[in-house]
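In the working numbering, the protein residues as written are 17 to 554.
We treat Cβ as the ideally placed atom computed from N, Cα and C, and that holds for glycine.
The block underneath contains the structure these notes are about, expressed in structure tokens.
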């Protein structure tokens, strides 16, 4: 047969609906059913709530769902049972395809497109390879099966193209950060730090992308050099200046025709009674003698310009047309060469320029003294996060001081969340102590954003209160059932938020220079958070 199978879908809801539709299909033997029951009993020693999971009936049929919204304990149970061969069908999002050892005999890919932050898009070759690569268990299967479901929007040719495509090229995610600057300068001279940055994979990839530009630049410069020789058969002229003279003559001639036709200003004023206030000479225009004098002067100017133009070598030149094309091409090449040079300058050494800008900010904030990390700098160097300076400023500005352990837990959670990824309105409010400190967080974020803008730094300053009240409830001893009822977020998302909070708590605990009273409260926070579903036992 083709079981066990991993059925890949691209929505959590779709996975759960597919599992419900598959319910009732006989997948396992009575013996395997008994083995699943025994395994669940063993797992319940670590996670007492696992037997009450709403998906337990499906698990006992030999099927399960696996996605990021599931409780980690439940996902761990699914992985263990699948690896033991007791589960025959797992409906999963693509997160299962990377980093988890769950090979199957068959993988089913439900669609060759998926929804992303930019809308619907086709799967990449690497995504397809990750999912299809789960088919075939080493030492167990001679052949693995990959099934791509057919639909009206995707052709067999599309599937074949994906299946035979090479993996996507590696893309560098490298970008300098505050902690990187501090750690490098703690261990290296500024010269060695620059050498390391410029030998980074990110800079290497950037330089590779610039190679076609260097080729274009050289070819254009060579063509420009060839076009520098004028086509003039006799005296060398200036076609650009000649064209400007002709343009000026045409403009003067047009003005002359307008005056000769007797064009005069209109007798209308824009609005209201002010129409009656226009002067007579404004309404009637200049006198006839003035018009005649103007005409005469303009004719003299035109004749003078014509005399200059006729005297130019370009006038009547037999190669004027090809010369015009050459001049136009030269102008185009000069503009393109300038644009390419500007882009090369911008991209070459961009990581080092970012490094220098970050170092300048750290000096202004007291984290660097010259190129040496200060005590504050050594503290910030030991913190990991999207924006280590923002996290360090919480300690420097005393935002954590005087908070109870449950309040500090809520505030730490605020610092690990990203506003843009959450959509539910906050249903529960944090305690007043946390609310007042949130205003301090706003102020620090606002000031740091202004400073980063001055140095053209775009490191995000992320924080959000969406899970803060839940975190405070958990730190105050609420049961997991109570937490689950208090939110519409998937349980896996809540656990992940709590674990990220716990991780930040531990980072502050280990950071150099954290005041002892704060370390004591951080220890309390760790003990309060690290329990039941949040504690990692797998």
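The three-state secondary structure of residue 381, taken from DSSP, is coil. Boundaries cannot be given for residue 479, as no beta strand (DSSP E) includes it and DSSP labels it neither H nor E. Residue 434 and residue 111 have their C-alpha atoms spaced approximately 20 Å apart. Residue 415 and residue 454 have their C-alpha atoms some 9 Å from each other. At the C-beta level, residue 409 and residue 450 stay beyond 8 Å of one another. With contacts defined as CB atoms closer than 8 Å, residue 35 and residue 107 qualify as a contacting pair. A direct Cα-to-Cα measurement between residue 405 and residue 467 gives close to 12 Å. Remark: C-beta atoms of residue 78 and residue 116 do not approach each other more closely than 8 Å. According to DSSP, residue 23 shares a beta bridge with 107 and 124.
Secondary structure note for residue 148: it is in no beta strand (DSSP E), and the uninterrupted alpha helix (DSSP H) holding it is 141-148. The bridge partners DSSP lists for residue 82 are 108. One thing to note: residue 268 has its Cβ no nearer than 8 Å to the Cβ of residue 236.
Contact between the segment 134-145 and the segment 38-54 is absent: fewer than 3 CB-CB pairs across the two stretches fall below 8 Å.
For residue 487, the uninterrupted alpha helix (DSSP H) segment begins and ends at 484-491.
Residue pairing by DSSP places residue 163 opposite 124 in a beta bridge. Residue burial annotation: residue 392 is buried, with at least 16 other C-beta atoms found within 10 angstroms of its C-beta.
Under the three-state reduction of DSSP output, residue 269 falls in the helix class. Inter-residue distance for residue 127 and residue 33 is about 16 Å (C-alpha atoms, whole angstroms). Taking the CA atoms as reference points, residue 429 sits about 5 Å from residue 517.
Counting along the chain, the unbroken alpha helix (DSSP H) around residue 28 starts and ends at 28-38. Contact check for residue 506 against residue 85 passes: the beta carbons are separated by less than 8 Å. Scanning its chain for C-beta atoms nearer than 7 Å, with the 5 sequence neighbours on each side dropped, one finds around residue 514 the residues 487, 490, 545 and 550, in chain order.
Cβ-Cβ distances below 6 Å link residue 153 to 119 in the same chain, with the five nearest sequence neighbours on each side left out; the list follows chain order. Non-local C-beta neighbours of residue 390 in its own chain, meaning closer than 7 Å and more than five positions away in sequence, comprise 382, 383 and 384, ordered along the chain.
DSSP places residue 50 inside the alpha helix (DSSP H), whose first and last residues are 46-59. In the DSSP annotation of this structure, residue 398 is not part of any beta strand (DSSP E), being labelled neither H nor E. Within the same chain, and ignoring the five residues on either side of residue 479 in sequence, the residues whose Cβ sits closer than 7 Å to its Cβ are 430, 431, 433, 457 and 461.
With at least 16 other beta carbons inside 10 angstroms of its own, residue 123 counts as buried.
DSSP links residue 151 through a beta bridge to 120. Ranked by how close their Cα comes to the Cα of residue 399, the residues 541, 495, 527 and 539 have 527 in first place. For secondary structure counted as the alpha helix (DSSP H) over 4 or more consecutive residues, the segment 400-434 holds these complete runs in sequence order: 404-412 and 421-430.
Counting along the chain, residue 129 sits inside the beta strand (DSSP E) bounded by residues 129-132. Under a 10 Å Cβ-count criterion, residue 234 is classified as exposed, with fewer than 16 other Cβ atoms of the shown protein chains found around its own Cβ.
Counting along the chain, the unbroken alpha helix (DSSP H) around residue 98 starts and ends at 88-99.
Under the three-state reduction of DSSP, residue 136 is assigned to strand.
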